[in-house]
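Following the working numbering, the numbering of the sequence shown begins with 12 at its first residue and continues without gaps.
Ideal placement from N, C-alpha and C gives every residue a C-beta, glycine not left out.
Note that the structure is predicted; figures quoted are calculated from it, not measured.
The structure appears right after this line, and notes come after that.
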Amino acid sequence: MRLLRQALAIASVSVFVVAANAGAQVLEATLYGVVHDSTGAILPGVSVVVTHRGTNLVRETVSDARGEFALPALPAGPYAIRIELSGFKTYRSEGLKLGAGQEVRQTYVLEVGALEETITVTESTPLVQTTSTAQMQTIGAEVTEIPVSRRNLQNVILLGSGVSSTDQAVGGGRAFRMNGVGDGGSAITVDGSSAQTNPENRGFGNYGGQNQIEILSVEAVAEVQVVKGVLAAEYGGSIGGQVNMITRSGTNQFHGSLLENFQSDAFASRDPFLPPTTAKPKIRFNQFGGSLGGPILRNRVLFFTSYEGYREESGVTVQGNVATQATRNRMLAALPYPETRLVLDNMPQPNVPINDAIGRYTDAKTLVRHDNTFLGKVDFEAGKGRLSVTASRMRPFASVPRIQINNDQQYTNGSKRLSTNYVLTSNSWISESRFGWNRNTLDRFDAFWLAESPTRGAQSDLYNVRKRIPTFSVTGLFGSGDTEILALTYDAYNLDQKVTRLMGPHSVKFGFRWAREIGFKSNPQTNRFTFPSLDDLLANKASDFLLAMGNPPHRAWVDQLGGFLQDDWRVTDRFVLNLGLRYDYYPGFGYKSLDPNDPAEVNNLNNPTDIRRMDFGAPRDLHNVVDADKVNVAPRAGFAWTVDRAGRTVVRGGVGVFTTGNIMALFQNAVARPFTPVRQGWNRTEQEARGIGWPFSYAEDAEKIVIGDSAGRKNLYYMFQTDMKSPETVQATFDVQRQIGRLASVSAGYVHTSGENLPILLNFANAYDRVTGVRPNPAITPGGWYITSGQTMKYNAFEGNARLSRFHGLDLALHYTLSKGWAQQGANLVGNFNSSIGDTTYNNTQDFFDPYLDVDYSPLIGEVRHRVTGTVVYDVPWLADRHDVVGSVIGGWQLSSVLNFRTGEPLRITQASGIANSRPDYNGGNQVFDDWRDTMQYLDRSAYTLVPISPATGATVRPGNQNSAQVQGPGRRRVDLTIAKAFHLAGQARLQVRFESFNVFNWRLYNNPNTIVTSPTFGLITGVQSTRTGQVGLRLTF
């Protein structure tokens, strides 16, 4: 396949040049039509005029010799259609509503008669897709009707088939998976421009996931699309799928809204895992906002603006293992240092007994969050051109409580976006031009970071780690809590141009795109000691010691360029071919030092000949870290066959190649000082040789050891395969859609995804002999990473969907996904520092020298085998049309619900070891207790056998055979419910009162159990993801 794509690339160079990675979005709809008379004879030369009902935008065309017409680049919204031909009655229709990116094909029949005679019909949008292969799920106005906790948009995109997340509850930064591709593999856009708000991910939430409004306010959303499968060639920058959000526009009438949502502990159930002596946590959450849109100059200049904010002070459950007083006394005797007492004083006493050494601390502490989100949009109509400019701003803040007495974590995030779109139309040409800018920032710190060392004194520079108090953890038992500070800045720019040419049955589109991502990061952390057991802690024999100095001041960037050519060919009036070819070019990574007194470098070596010897080659040029990936050719082909003349049954299928650039953070994390690493680790034998111990080895001490060990050599901390390829998938789909009557549709389909060139991360800290601790190449800094493009994945799924629209006031949608996927590290593109879609153990393999062990080829991160989702909206018909007093009291009721059912996630069982994320052996026994719901003891310890430990290194002597395919966590079921009452006020004003309950039946959404087999609480479930919460809301529209 690689040779085929290279050949296609050479052939295509003369056709186009550049386009982009960051994910093009199709904002406009296309209406295809065929016109014939009542006998079925085609009618060429028919005049077709469509008018947008909100803005009075008019587009005209004439049917061709085949009786067909095409109107691309139509703004989303409702349309009126007028069709005229001399000798026939005029045809008028109302009610056709087009969504962004939607392609609709309709048949129009003209009756013989005078042109002055008019036939008026009410038209509905087809429920099947007859012109495209792509899998598209669209949610429009119903986003304001269904129960959406805290109006969080990510809860909306998870309602379709083939899309999943590890968490189905209250939003906040959850990454998501599309068609098997995990964290970072899918694109998010707003009005055509990048909208990712996490500088180290392509996800919804800000870094850390504390923002409750993700990307946009619901008030600003006209439509949310989830597009996946075999996409048209104009879609780039994604190997999984794409989420497109289209903002609302003003119309020729003023319209607006006001809203208030309120949550309280009075509406919530108690966490069943809170101790009886702990009071039920207080919850105070207020969400408020509104919108206004209308004309500045009718038919010419229209505006829309929205605001939404929230204020929260809520009790949340914090829990974890802590040392008993007996253990504290032993620690103070064995480690008689001021730091020992300071750390222990910051650790609460247990309130739930476990054993003599540890107990559990469970309590409710106060979480504080707030945000203000603004958006403004202006649309200019001038002749055949339309210019749209959208700007938005968010500033979420959170103070998150932690188990320690003084170590709350504060997040100050910021997001700003600007998007401009210009569409110019003529009879057969359409030009679309777009520019976007997206900035995201984060300042985060842990409170204990500011604690003054009792032996070294204060550290004046906030970002300097040298005098910060070290931390420790005892695997599976307890820890002092990590402390760090993190600063991130991220800017994304995109510029793209598309041109559509209508040529009879062909709709040809070509274009180019350029994108650049620019960022800064610094993340110093206090020294961290890891002890395999309590005895090791008391003997001060850590299995791992980590120094984290953070990044020096710098600016880093990646560019992405490419182009596409596609043809939607209407072969017959019932058979369409979607053909496309895309080329993308990913230059190498660039960076620049910002402080001459604190230089920044990326030191990389040429690839090793044998990874077991770690015989890396000569140093690379400092500013040519990796080779540019120049040849990425992505052919795509699909078909849509309308089986019957009535257009009710459609068979679709296709196959396509998709590529995307590696996430910038994957490279940016490598920017370090020339002689000191961002991070460095030492195993037990290395610590003993250097006299390292807790707590007297501060960062300033470890830095001196690093410089002394280097003997003038450059730091080799974070290295890359020099000829890394860009992540790539091949997706194939086949589905059948059937419309039943005018109101219902069903579909069933198969999806296959094969992935290659995904990043695989190998931790240098694990690159040593398990028995002796000897490293094959001591010049390589332990604690860093070696990144290659060697990860592969497979995914197969069946997807079923059913929909019922406006059946006596009932809207119903059901989606089912049966899936199975495999990869070495979870099919994750994000890298080692931000795997937000599940268990971070997927970032490491068990054997640095053999990352392709069969036992490490395991289920995708967060994958569930069975998943059912659904939405229901029912407008109770009683007196719904009466606007008098009786109708106001009795009529206007609405019921709506969201359903989520899924099986459990795969569990990776780990064993305490000097090799991170080592696993035990599964011995074939029963792993899950039948009575776990009564005892909360989910996993059976006797099903696993520990792998022997080397006494010298504290590492397992070999990899274990446990695979996450062997056992799954508890499944979850959840139903959300809304009861709403609407009151009709003066004119078109309407006030809706909403009573909402999330997890209305208060089913226990159990967290996964403790999976550290050496922990005394192994296999125990100690919490739930959420309990029932309630929300009361008011929404006024006018």
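Confirm, please, whether the CB-CB distance from residue j to residue i is below 7 Å.
| i | j | result |
| --- | --- | --- |
| N839 | I791 | no |
| F860 | R624 | no |
| A11 | G110 | Residue 11 is absent from the model: the chain starts at 12 and stops at 1049. |
| V741 | F489 | no |
| V241 | G665 | yes |
| F1006 | I990 | yes |
| T133 | E153 | no |
| D638 | T486 | no |
| G760 | N551 | no |
| D987 | V909 | yes |
| S160 | F1009 | yes |
| I926 | T956 | no |
| D746 | R663 | yes |
| F215 | Q165 | yes |
| T373 | P286 | yes |
| G304 | G370 | no |
Take the Cβ of residue i as the centre, count every other Cβ of all protein chains shown within 10 Å, and call the residue buried at 16 or more, exposed below.
| i | result |
| --- | --- |
| Q691 | buried |
| N643 | buried |
| N432 | buried |
| Y806 | buried |
| V330 | Strictly speaking, residue 330 in this sequence is Gln, with Val absent from that position. Buried, by the Cβ-count rule. |
| G252 | buried |
| M514 | exposed |
| F1012 | exposed |
| F818 | exposed |
| D942 | exposed |
| N726 | buried |
| W889 | exposed |
| G530 | buried |
| S847 | In this prediction, S847 has a pLDDT of 42, which is less than 50 and means its spatial position is unreliable; what the coordinates show is noted afterwards. The residue in question, S847, is buried, as its Cβ has 16 or more Cβ neighbours within 10 Å. |
| Q179 | A caution first: Q179 carries a pLDDT of 39, below 50, which makes its placement in the model too unreliable to give a value. |
| E128 | exposed |
| N366 | exposed |
| H877 | exposed |
| K715 | exposed |
Can you give the beta carbon distance from residue i to residue j, rounded, assuming they're within the 8 Å contact cut?
| i | j | result |
| --- | --- | --- |
| S554 | T541 | 6 Å |
| I771 | Q836 | 6 Å |
| A710 | L545 | Wrong, their Cβ atoms sit about 25 Å apart, outside the cutoff. |
| Y729 | A681 | 4 Å |
In chain order, what residues of the same chain have a beta carbon less than 6 Å from the beta carbon of residue i, not counting five sequence neighbours either side?
| i | result |
| --- | --- |
| W904 | V887, K992 |
| P706 | Y348, E350, P481 |
| A33 | Its pLDDT being 42, under 50, A33 is placed unreliably by the model, and the measurement read from it follows with that caveat. Answer for A33: S205, G248, N505, A526, listed in chain order. |
| Q148 | G171, V237 |
| V978 | L918, Q938 |
| N845 | Because the pLDDT at N845 is just 47, under 50, the model does not fix this residue reliably, and the point stays unresolved. |
| Q117 | G44 |
| M804 | G766, A834, A838 |
| N812 | S172, S758, H826 |
| T62 | V69, A91 |
Just checking: is the beta-carbon of residue i within a distance shorter than 7 Å of some beta-carbon in chain D?
| i | result |
| --- | --- |
| K427 | Included in the structure is just one protein chain, with no chain D present. |
Excluding five sequence neighbours on each side, which residues of the same chain lie with their C-beta closer than 8 Å to the C-beta of residue i?
| i | result |
| --- | --- |
| F459 | N357, Q415, N417, N418, I480, G492, T494 |
| G112 | Q36, V37, L38, E39, A40, M147, Q236, V238, N255 |
| G56 | V73, S74, L96 |
Contiguous beta strand (DSSP E) assignments of at least 3 residues, all confined to the region 408-484: For secondary structure counted as the beta strand (DSSP E) over 3 or more consecutive residues, the region 408-484 holds these complete runs in sequence order: 408-411, 420-436, 440-457.
Hey, which unbroken runs of the alpha helix (DSSP H) at 4 residues or more fall wholly within the region 934-1006? Listed in chain order, the complete alpha helix (DSSP H) runs (minimum 4 residues) inside the region 934-1006 are 943-946.
Ignoring anything shorter than 4 residues or poking outside the region 313-374, list the alpha helix (DSSP H) runs there in chain order. Given a length threshold of 4 residues, each whole run of the alpha helix (DSSP H) inside the region 313-374 is given here in chain order: 336-345, 349-356.
Unbroken alpha helix (DSSP H) runs of length 4 or more, entirely within the region 153-217: which are they? 165-168
Which complete beta strand (DSSP E) runs does the region 788-830 hold, if anything under 3 residues is left out? Entirely contained in the region 788-830, the beta strand (DSSP E) runs reaching 3 residues are, in chain order, 796-818.
Unbroken beta strand (DSSP E) runs of length 3 or more, entirely within the region 262-287: which are they? 266-275
Give the list of continuous beta strand (DSSP E) stretches no shorter than 3 residues that lie fully inside the region 539-606. 555-559, 565-583, 586-597, 601-604
Scan the region 45-123 and note each continuous beta strand (DSSP E) run of 3 residues or more that stays entirely inside, going in chain order. Segments of the beta strand (DSSP E) lying fully in the region 45-123: 58-63, 69-73, 79-85, 88-95, 101-109, 114-121.
Quick one: complete alpha helix (DSSP H) runs, 4+ long, within the region 683-769? 695-701, 710-721
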